[in-house]
Amino acid sequence: MRLTQLRRLRLQRALTQQDLAQRSGVHRVTIAQLELGRDGVLPTTLRKLAEALAVEPHELMGGEAVAEAAYPSSSVNRTGVAEPVFAPARTEDLTSMMEVADWPGVDQFLIQHPELEPLLSAAPRQISPFFPGARLQLRLIEDPEYPDDQHLLLRILATQAGQAATAQLRAFDEAWWLRNAHGTHGLLSIDMRRV
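Start counting the sequence shown at 291; every next residue gets the next number (my numbering).
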């Protein structure tokens with residue numbers, strides 16, 4: 291995820307990088323790196339910058355970044371054809387793609403972490419070639435010892451037998467999930483259960 295509009299929005303408000311750093315609490319060097327196109331901004335940094343500039347987080351990425359995130363050149367399916375990794379979606383659309391346990395909790399979590407929505411909307415399409423017809427369940431997981439430690443779990447309910455399902459999960463991980471998991475910063479995990 292690149293913040294392609296960060297510099298433009300900062301200059302529109304007549305702010306220097308140092309001014310924005312003081313307003314947002316984000317180090318000036320980090321702001322400079324992000325303006326130069328560094329990839330992989332943390333969700334907390336994104337929110338701080340958006341608040342300091344009085345914009346929504348997605349506005350920092352701009353149309354080009356959304357298009358780039360939706361169609362990165364490195365996503366190639368089994369036939370060798372590039373296809374979208376992310377697809378734009380709203381949280382309401384997730385219920386049409388997967389079973390959602392504790393919808394109010396999941397919805398509130400996604401409001402706090404909107405950067406997960408594109409990945410969640412893309413996951414069913416990416417999972418399908420490896421687990422045809424599998425149901426997907428999304429739930430909010432809380433650590434009982436640390437109530438503030440929450441994350442989403444997307445579970446694949448696989449119908450394949452034992453080692454075949456495990457091999458498919460490994461193939462899915464290598465083909466898509468491992469390239470995209472780092473962007474979730476531990477806020478989303480995907481696992482598989484045989485049914």
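Positions of the beta carbon are idealized from the N, C-alpha and C atoms, including for glycine.
Looking only at its chain, what residues have a beta carbon closer than 8 Å to the beta carbon of L299, apart from the 5 residues adjacent to it on each side? Within the same chain, Cβ atoms closer than 8 Å to the Cβ of L299 are found at L343, V345, E349, L350, the five residues on either side in sequence being excluded.
Use the C-beta contact count for P434: other C-beta atoms within 10 angstroms, 16 or more gives buried, fewer gives exposed. P434 should be labelled exposed.
Stretch pair the region 440-453 + the region 418-429: three plus CB contacts closer than 8 Å: Yes, the region 440-453 is in contact with the region 418-429.
Taking just the CA atoms, how far does M387 sit from L409? Their Cα atoms are separated by approximately 13 Å.
Grab me the residues of V485's own chain with a C-beta within less than 6 Å of its C-beta, minus the 5 sequence neighbours each way, in chain order. The residues are L447.
Span separating the alpha-carbon of V396 from that of Q323: Rounded to whole angstroms, V396 to Q323 spans 33 Å at the Cα level.
Does DSSP put P437 in a helix, a strand or coil? Note: P437 maps to strand in three-state DSSP.
Find out if the Cβ-Cβ distance for the pair L430, V390 is shorter than 7 Å. Against a cut-off of 7 Å, the Cβ pair of V390 and L430 comes out as no contact.
If we ignore side chains and look at the alpha-carbon of each, how far apart do G452 and L384 end up? Answer to the nearest angstrom: the Cα atoms are 28 Å apart.
Which residues does DSSP pair with Q427 in a beta bridge? Secondary-structure assignment with DSSP links Q427 through a beta bridge to E389, R445.
Rounded to whole angstroms, how far is the Cβ of V406 from the Cβ of T474, which I believe are closer than 8 Å? Sequence check: residue 406 is Leu here, not Val. Between L406 and T474 the beta-carbon gap is near 6 Å, inside 8 Å, which marks them as a contact.
Decide if S411 is buried, meaning its Cβ has at least 16 other Cβ atoms within 10 Å, or exposed. Buried is the call here.
Using only the alpha-carbon positions, how far apart do Q404 and A471 sit? For the sequence presented, residue 404 should be read as Pro rather than Gln. If you take the alpha carbons of P404 and A471, they lie about 15 Å apart.
Would you identify the three-state DSSP class for E432, choosing helix, strand or coil? In the structure shown, E432 adopts extended strand secondary structure according to DSSP, grouped into three states.
Assign A340 to buried or exposed, taking buried as 16 or more other Cβ atoms, counted over all protein chains shown, within 10 Å of its Cβ. Around the C-beta of A340, 16 or more other C-beta atoms lie within 10 Å, and the residue is accordingly described as buried.
Proximal residues to A461 (C-beta, below 7 Å), its chain only, five neighbours per side dropped: Closer than 7 Å at the Cβ level, and outside the excluded window around A461, lie F420.
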